[in-house]
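A.B. asks: Right, I'll just put the structure down here and ask away after.
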Amino acid sequence: EGFGPLREWVAARMALRGIHVPADQVLITNGSQQGIDLVARVLLDPGDVVVSESPAYLGAVQALELFQPRFEVIPGDEHGMQVELLAEQLAAGLRPKLIYVVPNFHNPSGATMSLARRQQLAALADQYELLVVEDDPYGAIRFSGEPLPAVASFTERVVHLSTFSKIVAPGFRVGWMIGPPEVMSWVARAKQAADLHTSSFAQLLLANVVGHEGWLDEQKARIVPMYRERC
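Residues are numbered in this note's numbering as their position in the sequence shown, beginning at 1, plus a constant of 657.
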């Protein structure tokens with residue numbers, strides 16, 4: 658599941674965003690990309706329905722399509738997935754195994770899902786007992802405006818993925834995932850079968866670095882202007 662102090666840091670960091678989970682509900686992954694693969698491994702059977710937005714993150718499509726789901730695509734606009742269209746399809750009988758979204762600075766569109774749509778998506782997950790996979794690798798790299806609450810802050814029916822790759826160093830390939838206990842217990846088994854565990858050396862280094870008070874804020878002050886200029 659990961660190095661204890663690093664999992665505790667993630668849990669504390671997530672609490673600041675309104676996602677309150679104990680450290681033992683955090684699993685350290687080889688980048689957030691592995692989180693997508695692990696969720697697919699434990700949840701998807703051939704023919705299961707996966708909802709994604711259009712355009713979709715290619716890496717997620719590649720990870721999910723290995724398990725032969727049927728994709729239902731919901732178009733997006735400048736405010737992210739058009740959740741109101743998803744609501745219409747659910748009312749008409751659509752029952753996806755999971756809903757995959759990138760709510761912050763979507764890859765490749767760059768859109769950020771509006772607060773109202775985040776709340777509506779969470780409400781739909783509760784109403785229809787669905788699982789949302791919220792992939793948030795870029796949320797900490799904001800150029801302007803105020804951060805929006807995660808979908809996972811409105812419902813417990815979310816697997817939330819994020820990563821150190823964008824905020825510390827891409828080459829570490831260390832991320833994390835948080836989700837309902839019944840899902841995470843199966844995910845932990847799947848990860849053990851896949852790679853035993855994420856590099857202990859990388860986890861120790863990261864725990865030592867991010868554990869220094871104020872370091873992450875200083876790091877963001879260094880990298881956000883760089884990303885803004887490149888954008």
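C-beta atoms are modelled at their ideal positions from N, C-alpha and C, and glycine is treated no differently.
This structure is a prediction, so every number in the text was calculated from the model and none was measured.
Just to check my reading of the structure: Ser819 and Gly796 have Cβ atoms closer than 8 Å, yes? What is that Cβ distance to the nearest angstrom?
C.D. replies: 7 Å between Cβ atoms; contact.
A.B. asks: Assign Pro804 to buried or exposed, taking buried as 16 or more other Cβ atoms, counted over all protein chains shown, within 10 Å of its Cβ.
C.D. replies: By the neighbour-count rule (16 or more Cβ atoms within 10 Å), Pro804 is not buried but exposed.
A.B. asks: In the DSSP assignment, find the unbroken beta strand (DSSP E) run with Arg733 in it and report its ends.
C.D. replies: Here residue 733 turns out to be Gly, not Arg, going by the sequence shown. Where Gly733 is concerned, the enclosing beta strand (DSSP E) stretches over Arg727 to Asp734.
A.B. asks: What residue ranges within the stretch 695-776 form continuous beta strand (DSSP E) runs of no fewer than 3 residues, ordered along the chain?
C.D. replies: Counting only runs of 3 or more, we get 706-711, 727-734 and 755-758.
A.B. asks: Alpha carbons only, please: which of Gly767, Glu710 and Ala878 is nearest the one belonging to Ile650?
C.D. replies: Outside the displayed span of the chain (658 to 888) sits residue 650, for which this structure offers no information.
A.B. asks: Give me the Cα-Cα distance between Glu786 and Thr812, rounded to the nearest whole angstrom.
C.D. replies: In a straight line, the C-alpha of Glu786 is about 11 Å away from that of Thr812.
A.B. asks: With DSSP collapsed to three states, give me the class of Val844.
C.D. replies: Note: Val844 maps to helix in three-state DSSP.
A.B. asks: Pop quiz: Ala861 and Val867 are said to be a contact at Cβ under 8 Å. What is the actual Cβ separation, rounded to whole angstroms?
C.D. replies: Rather than Ala, the amino acid found at residue 861 in this sequence is Leu. Not a contact, Cβ separation roughly 11 Å.
A.B. asks: Run through DSSP, which three-state label would Ile824 get?
C.D. replies: Ile824 falls in the coil class under three-state DSSP.
A.B. asks: Classify His677: buried if its beta carbon has 16 or more other beta carbons within 10 angstroms, exposed otherwise.
C.D. replies: Exposed, since its Cβ has fewer than 16 Cβ neighbours within 10 Å.
A.B. asks: For Pro703, count neighbouring C-beta atoms within 10 Å of its own C-beta (all shown protein chains included) and say buried if the count is 16 or more, exposed if not.
C.D. replies: So Pro703 counts as exposed.
A.B. asks: Just tell me which of Val808, Arg774, Ala779 and Met834 has its CA closest to the CA of Ala668.
C.D. replies: Of the listed residues, the one whose Cα sits closest to Ala668 is Met834.
A.B. asks: Of all Cβ atoms in chain D, is any one closer than 9 Å to the Cβ of Asn687?
C.D. replies: In the displayed structure, chain D is absent; only one protein chain is listed.
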